[in-house]
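Note sheet for the following structure.
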Amino acid sequence: MKNLFDRNDSQEILNRIEKLTPETQRLWGKMDVAQMLAHCSKLLRIARGLEKPKRSVLGILLGWMVKETFFGAKPHPKNSPTDKTLIVADQKIFEEEKKTLIEHIKAFSEGGPQKCTTHPNPFFGKLAPEEWARGQYKHLDHHLQQFGV
Numbered sequence: 003m004k005n006l007f008d009r010n011d012s013q014e015i016l017n018r019i020e021k022l023t024p025e026t027q028r029l030w031g032k033m034d035v036a037q038m039l040a041h042c043s044k045l046l047r048i049a050r051g052l053e054k055p056k057r058s059v060l061g062i063l064l065g066w067m068v069k070e071t072f073f074g075a076k077p078h079p080k081n082s083p084t085d086k087t088l089i090v091a092d093q094k095i096f097e098e099e100k101k102t103l104i105e106h107i108k109a110f111s112e113g114g115p116q117k118c119t120t121h122p123n124p125f126f127g128k129l130a131p132e133e134w135a136r137g138q139y140k141h142l143d144h145h146l147q148q149f150g151v
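Printed below as a string of C-alpha cells:
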C-alpha cells in the first residue's frame, strides 16, 4: 500500500497538490480548497508529534472497530464524518496553507519512522509509524480526489 515514507508516493502527493489553485472547486463536502489544505496539515501536525490531542470518547469506544477499514486498501467514503477538533471552518489563505502542507509532508516523509509520533492517534489509539504513513497517504489522497486532482 502507498504511504508517505515512500519517496515516490510522497512525491506523487506533492505533484497533485501543485495542481491545486485558489479557484479549485470541491466535488463533494463542505470545505473549500484552502480549508482542506489546513485540515490536512492538522493531521500531519499530529502525525509529526507537534500536537498531541487527547483521545476522543468516540474513538476509545469505536476506533478499534473501524481501524482496519480506515487503514485498509479501500478508499475512504465520500462525506465521511470528521472529528470536530479537525474541522476547519474559518477562512484560510490558499498560498499559505499550500506552503505549510507541503512543508509538513516533506518533514514527515523525510523524517521517516524515527521522527513519527509515538503519541496515540486521537481516534484510533496507538499506531505504528507505518500505519501513520499509510493513513496520511490515504487521507491526503481522499481530499485531493475531493478536489479533482
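Residue numbers (the numbering used here): 3 to 151. Virtual Cβ for every residue (Gly too), placed ideally from N, Cα, C. These numbers come from a predicted model, not from an experiment.
TODO: Could you check which residue in L103, I95 and F126 has the C-alpha nearest to that of P24?
DONE: On the sequence shown, position 22 is the one that residue 24 refers to. Minimum Cα distance to P24 is reached at I95.
Task: Environment of Q93 [buried if 16+ CB atoms lie within 10 Å] - done: Along the sequence shown, one-based indexing puts residue 93 at 91. By the 10 Å Cβ count, Q93 comes out exposed.
Task: Contact under 9 Å by Cβ, E98 with F7 - done: Taking the sequence shown and counting its residues from 1, the one referred to as residue 98 is at position 96. Taking the sequence shown and counting its residues from 1, the one referred to as residue 7 is at position 5. It is not a contact, given that the beta carbons lie outside the stated cut-off.
- [ ] Would you verify that the beta carbon of T84 is, or is not, closer than 9 Å to some beta carbon of chain C?
- [x] Annotation note: the requested chain C is absent from the structure, which comprises a single protein chain.
Open item on the list: Spatial neighbours of T102 within its chain, please: C-beta separation below 8 Å, excluding the five flanking residues on both sides.
Closed with: For the purposes of this step, residue 102 is taken as residue 100 along the sequence shown, with counting starting at 1. Closer than 8 Å at the Cβ level, and outside the excluded window around T102, lie L39, A40 and S43.
- [ ] Would you list the one or two residues that DSSP bridges to G2?
- [x] An answer regarding residue 2 cannot be provided, because it is not within the stretch 3 to 151 covered by the chain.
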